[in-house]
Amino acid sequence: MTLEPNRVREEKLLEKIAKGGKIEDVAEMSDEYREHLTNLMMMQADSELAGAFGYVPWIQKSPDIKETLQVAQIVKDEVRHARVMYRLLEGLDVDVDAYYKSHNFNLRVDAGDIGTLRAADDKRVNIFYYPIEEWSDFIMFNFCMDRGAGHQLEDSLDCSYKPWCDGMEGIFKEEEMHMAHGDQWTKKLSESDKTHDDVQAAFEKWYPRTMNIFGRANSPKNVLYRKYGLKKRDNDEVRSAFAADIKEKAAKFGLKVPVWTPVAARMSDEPFIPG
Ligand SMILES: [Fe+2]
Ligand SMILES: [Fe+2]
């Protein structure tokens, strides 16, 4: 099939999106739209997969058999999310098999703070480079990161690419369950004198890392993503929604929200995507 010239595709696509229409077919995409869409979906796919691999040791290291099953279920959910996203990418002609074989999604960094840097050539959001060393880290991942992902992914649920919206429905529901798991455990650990300080310390570690995932305010990339209907809000708007949500939860569970200062020079241009 011969495609229409890129300029024509771009005009038609923008017109359709402006009217609230959704893109369903690759033939409708302009080169630019396809490039930005691929980039965003790749970030999500890689993050889902790296997230799953980071959780794997906790199937065995969890506090009891009930939690072993919970963690195994969460690992399965994340691998499923990755699979859903990679299938969509295959639809855009990405050679997923070759990509999967040539990247190490098990790679983790040894540093406490890598700011917004990437540690390898995969596209995962950089929070997924940190290792999960303690049970309270695992819980904080559910409490902070899954919550952050939820806020970020709200935009994808109703984005301009219909197959992505469809895939997101199931993913979003499962992320809400991960978050609920984080909330139950955060409450439990915070209420006990034995574990309160540990969970507060883990919160201090994971909260700033999560605040960094959203990308910097007024980023030119975000403007483009919004033009193409792939995002709806500025990075900083999403971050503020997450911060307000977590502030309320932390107050309920007796945790103190750590101070987070945006360092403009270190903020990535990219918005984050999920876990
Ligand atoms: Fe996920
Ligand atoms: Fe998750």
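In terms of the working numbering, the sequence shown opens at residue 9 and continues consecutively.
All C-beta atoms in this analysis are idealised placements derived from N, C-alpha and C, irrespective of residue type, glycine included.
Just so we're clear, the structure is a prediction, and the values are computed from it rather than from any experiment.
Three-state secondary structure (DSSP) of residue i
{"i": "ILE31", "result": "strand"}
{"i": "TYR236", "result": "coil"}
{"i": "TYR94", "result": "helix"}
{"i": "TYR138", "result": "coil"}
{"i": "GLY223", "result": "coil"}
{"i": "TRP193", "result": "helix"}
{"i": "ASN112", "result": "coil"}
{"i": "GLY99", "result": "coil"}
{"i": "GLY8", "result": "Summary: the structure shown does not reach residue 8, with the chain confined to residues 9 through 283, and so no result is reported for it."}
{"i": "LYS264", "result": "coil"}
{"i": "LYS131", "result": "coil"}
{"i": "ARG247", "result": "helix"}
{"i": "PRO71", "result": "coil"}
{"i": "LYS84", "result": "helix"}
{"i": "MET37", "result": "coil"}
{"i": "SER144", "result": "helix"}
{"i": "THR269", "result": "coil"}
{"i": "SER55", "result": "helix"}
{"i": "LYS202", "result": "coil"}
{"i": "GLU212", "result": "helix"}
{"i": "LEU241", "result": "With the sequence shown as reference, residue 241 is identified as Arg, and Leu is not the correct amino acid for it. ARG241: coil per DSSP, three-state reduction."}
{"i": "ARG274", "result": "Confidence at ARG274 is low in this model, with a pLDDT of 47, below 50, so the placement of that residue should be treated as unreliable; the coordinate-derived value is given next. Of the three classes helix, strand and coil, the one that applies to ARG274 here is helix, per DSSP."}
{"i": "THR10", "result": "coil"}
{"i": "ASP118", "result": "coil"}
Inter-residue spacing [alpha-carbon to alpha-carbon] between residue i and residue j
{"i": "TRP193", "j": "GLY62", "result": "19 Å"}
{"i": "GLY283", "j": "ASP145", "result": "Because the pLDDT of GLY283 is 41, which lies under 50, any placement of that residue in the model is unreliable, and the question is left without a value."}
{"i": "GLN68", "j": "LEU232", "result": "43 Å"}
{"i": "PRO266", "j": "ASP201", "result": "20 Å"}
{"i": "GLU183", "j": "THR269", "result": "27 Å"}
{"i": "VAL83", "j": "TYR215", "result": "22 Å"}
{"i": "PHE280", "j": "TYR137", "result": "Annotation note: pLDDT 44 at PHE280 (below 50); position unreliable, coordinate value reported separately. The straight-line gap from Cα to Cα measures roughly 13 Å."}
{"i": "LYS240", "j": "ILE25", "result": "12 Å"}
{"i": "ILE221", "j": "VAL16", "result": "35 Å"}
{"i": "LYS264", "j": "VAL207", "result": "11 Å"}
{"i": "HIS189", "j": "LEU165", "result": "22 Å"}
{"i": "THR46", "j": "ASP253", "result": "30 Å"}
{"i": "GLU212", "j": "ASP72", "result": "26 Å"}
{"i": "ASP129", "j": "LEU115", "result": "11 Å"}
{"i": "ILE284", "j": "PHE151", "result": "Here the chain covers residues 9 to 283 and nothing more, so residue 284 does not appear."}
{"i": "ARG217", "j": "THR203", "result": "22 Å"}
{"i": "LEU238", "j": "ALA251", "result": "22 Å"}
{"i": "LYS181", "j": "TYR236", "result": "25 Å"}
{"i": "ASP191", "j": "VAL104", "result": "35 Å"}
{"i": "LYS27", "j": "SER168", "result": "11 Å"}
{"i": "ILE179", "j": "ARG234", "result": "22 Å"}
{"i": "GLU19", "j": "LEU161", "result": "27 Å"}
{"i": "GLU11", "j": "PRO139", "result": "Reading the sequence as shown, one finds Leu at residue 11 and not Glu. Approximately 45 Å between the Cα atoms of the pair."}
{"i": "ALA258", "j": "VAL102", "result": "41 Å"}
{"i": "SER70", "j": "GLU142", "result": "9 Å"}
Beta-carbon gap between residue i and residue j smaller than 7 Å
{"i": "ASP246", "j": "HIS186", "result": "What sits at residue 246 in the sequence shown is Val, not Asp. Going by C-beta atoms, VAL246 is not nearer than 7 Å to HIS186."}
{"i": "PRO171", "j": "LEU48", "result": "no"}
{"i": "GLU56", "j": "ALA90", "result": "yes"}
{"i": "MET50", "j": "LYS109", "result": "no"}
{"i": "TYR94", "j": "ALA53", "result": "yes"}
{"i": "LEU21", "j": "GLU32", "result": "no"}
{"i": "VAL92", "j": "GLY29", "result": "no"}
{"i": "ALA331", "j": "MET153", "result": "Nothing can be reported for residue 331: it is not among the residues displayed for the chain, which extend from 9 to 283."}
{"i": "LYS87", "j": "ALA60", "result": "Rather than Lys, the amino acid found at residue 87 in this sequence is Val. In contact: VAL87 and ALA60 (Cβ atoms closer than 7 Å)."}
{"i": "ASN230", "j": "ASP244", "result": "no"}
Any chain E beta carbon closer than 7 Å to residue i
{"i": "VAL102", "result": "Annotation note: the requested chain E is absent from the structure, which comprises a single protein chain."}
heavy atom of ligand 4 below 6 Å from residue i C-beta
{"i": "GLU19", "result": "No copy of ligand 4 occurs in the structure displayed; its ligands are ligand 1 and ligand 2 alone."}
Validate contact between the segment 72-88 and the segment 26-45 using beta carbons, cut 8 Å, 3 pairs
No contact exists between the segment 72-88 and the segment 26-45.
Between the segment 221-237 and the segment 196-209, can you find at least three pairs of beta-carbon atoms closer than 8 Å?
Between the segment 196-209 and the segment 221-237 there are fewer than three inter-stretch CB-CB distances shorter than 8 Å, so the stretches are not counted as touching.
Fully enclosed by the segment 146-184, which alpha helix (DSSP H) runs are 4 residues long or longer?
Restricting attention to alpha helix (DSSP H) runs no shorter than 4 residues, the segment 146-184 encloses them at 154-165, ordered along the chain.
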